Amino acid sequence: MHITVFSAHAFEQEFLLQANQGRHQLQFIPETLSLKNAAKAMGSKAVALFTSDDASLHVLEKLHVLGVHYVALRSAGFDHVNLPKATELKMRVASVPAYSPYAIAEHAVALLLALNRKLVLAHTQIEQNNFSLDNLIGFDLHGKTVGIIGMGKIGGIVARIMHGFGCRVLVYDVVPVTAAAAPVEQVSMERLLHESDIISLHAPLNEATHYLINRATIAQMKDGVYLINTSRGGLINTEDLVEALKSGKVGAAGLDVYEKEKPLFFKDLSGQPLHDDLFETLRALPNVLITGHQGFLTQTALRNIADTTLYNLNQWDQGEASVNELNHVPL
């Protein structure tokens with residue numbers, strides 16, 4: 143089967159080739175999928191897409207006309223895909239639901255530790271021969287209350303890690319938490335916001351969670367709360383967050399995602415103007431640490447993403463369903 147891989151990053155191509163084992167013809171396209179370049183999938187029965195790709199209504203229609211039947215996502219999230227349209231066009235869509243929840247959970251904790259202990263500033267000062275400790279005071283995580291919004295696999299691992307630090311862990315989820323790898327207390331959103339010293343987001347992005355963190359919910363938080371987001375940028379109203387960071391209501395923010403990240407992340411824009419004043423303002427704040435959506439970026443995760451992506455494609459090539467399909471299209 144001929145497969146066009148859009149947003150084909152150098153860091154993942156080796157893993158995809160290894161998982162493919164020469165079975166399919168893979169065409170790597172470095173650019174993100176858009177209506178303008180969808181024609182590059184001509185001759186392909188399937189496309190493999192990343193989170194930055196555009197699989198909206200008109201793009202899917204264009205792919206369908208080109209003869210594309212299958213959409214294999216190299217991600218767990220699928221908010222960039224118009225699933226109803228794909229189903230209407232009888233295009234099967236599958237994701238990689240769990241590639242390494244440990245990678246993202248560990249990155250969330252890494253952001254927290256780096257912010258709390260001022261590691262970036264400390265490194266900068268050492269490079270400048272400044273060995274003063276006056277600006278580097280942090281706090282003990284032991285005894286703090288950590289609120290986790292979204293208690294899926296990633297949230298559950300964060301809960302276990304924070305419990306290991308000696309934290310009290312509160313969780314909020316729309317479904318009951320029946321089992322957890324660490325002692326947690328499921329509470330209302332209001333109580334979590336009110337009592338947490340640290341809040342970590344691990345929820346999917348949908349209509350119900352869009353701008354979950356906004357001026358109103360921030361007002362319910364403790365003064366000086368630390369906020370961590372390794373899920374989706376759209377969970378946070380960035381303008382409201384910037385306001386709260388400037389006032390000190392939010393003490394610090396560790397962000398691996400940004401609501402307007404698509405024109406920025408996964409690209410080398412060195413020496414170019416960004417044309418995003420909001421991001422520039424956010425990045426310039428001294429109590430913010432941003433990474434470019436790299437939470438998933440471990441060897442284990444990349445191998446699992448490639449293996450599951452090729453499993454989905456192999457199943458379709460054999461005329462069989464995949465357990466990871468997101469829509470129902472008869473075989």
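Residue numbering for the sequence shown follows my numbering, beginning at 143 and increasing consecutively.
Where is the CB? At the ideal position from N, CA and C, for every residue including glycine.
These numbers were taken from a predicted model, which means no experiment stands behind them.
Best match in the options for proximity to residue i [C-alpha to C-alpha]
i, options, result
"D365", "Q436, L387 and A345", "L387"
"S186", "T193, V207 and E332", "V207"
"A322", "Q169, L257 and R302", "R302"
"P472", "M233, G280, F408 and T433", "M233"
"H249", "I360, T372 and G164", "T372"
"H222", "A247, D196 and P243", "D196"
"A252", "A214, T423, V300 and S274", "V300"
"G308", "V326, R425 and L283", "L283"
"A183", "I145, I340, P172 and G164", "I145"
"R425", "F438, A395, E327 and R310", "A395"
"H200", "N469, N224 and N429", "N224"
Straight-line Cα distance separating residue j from residue i
i, j, result
"N179", "R216", "19 Å"
"K286", "I355", "21 Å"
"A190", "L406", "21 Å"
"N272", "V384", "29 Å"
"G413", "H435", "20 Å"
"A150", "I378", "28 Å"
"D419", "T229", "38 Å"
"A152", "F170", "10 Å"
"L231", "E203", "8 Å"
"S176", "N469", "22 Å"
"R310", "F438", "26 Å"
Cβ shell of residue i (< 6 Å), same chain only, five flanking positions each side left out
i, result
"E401", "G375, G376 and T380"
"R357", "D382"
"I291", "Y314, L343 and A345"
"M331", "Y314"
Cβ distance (whole Å) where residue i is taken to contact residue j below 8 Å
i, j, result
"T174", "F148", "6 Å"
"V235", "E467", "7 Å"
"A188", "Y212", "4 Å"
"D398", "T451", "The pair is not a contact, with the Cβ atoms about 21 Å apart (cut-off 8 Å)."
"A214", "L369", "Not quite, the Cβ-Cβ distance comes to about 33 Å (not below 8 Å), so this is no contact."
Beta-carbon proximity list for residue i, same chain, < 7 Å, skipping 5 on both sides
i, result
"A264", "L278"
Contacting residues, own chain, Cβ-Cβ under 8 Å from residue i (five flanking each side not counted)
i, result
"S338", "T287, V288, G289, L312, M363, K364 and V367"
"A218", "S237, V238, P239, A240 and Y241"
"I360", "D382, L383, A386, K391 and V392"
Those residues which DSSP pairs with residue i across a bridge
i, result
"G396", "I370 and L431"
"F170", "V147"
"T287", "R310"
"S342", "I290 and I370"
"R234", "Y212"
"Q328", "V313"
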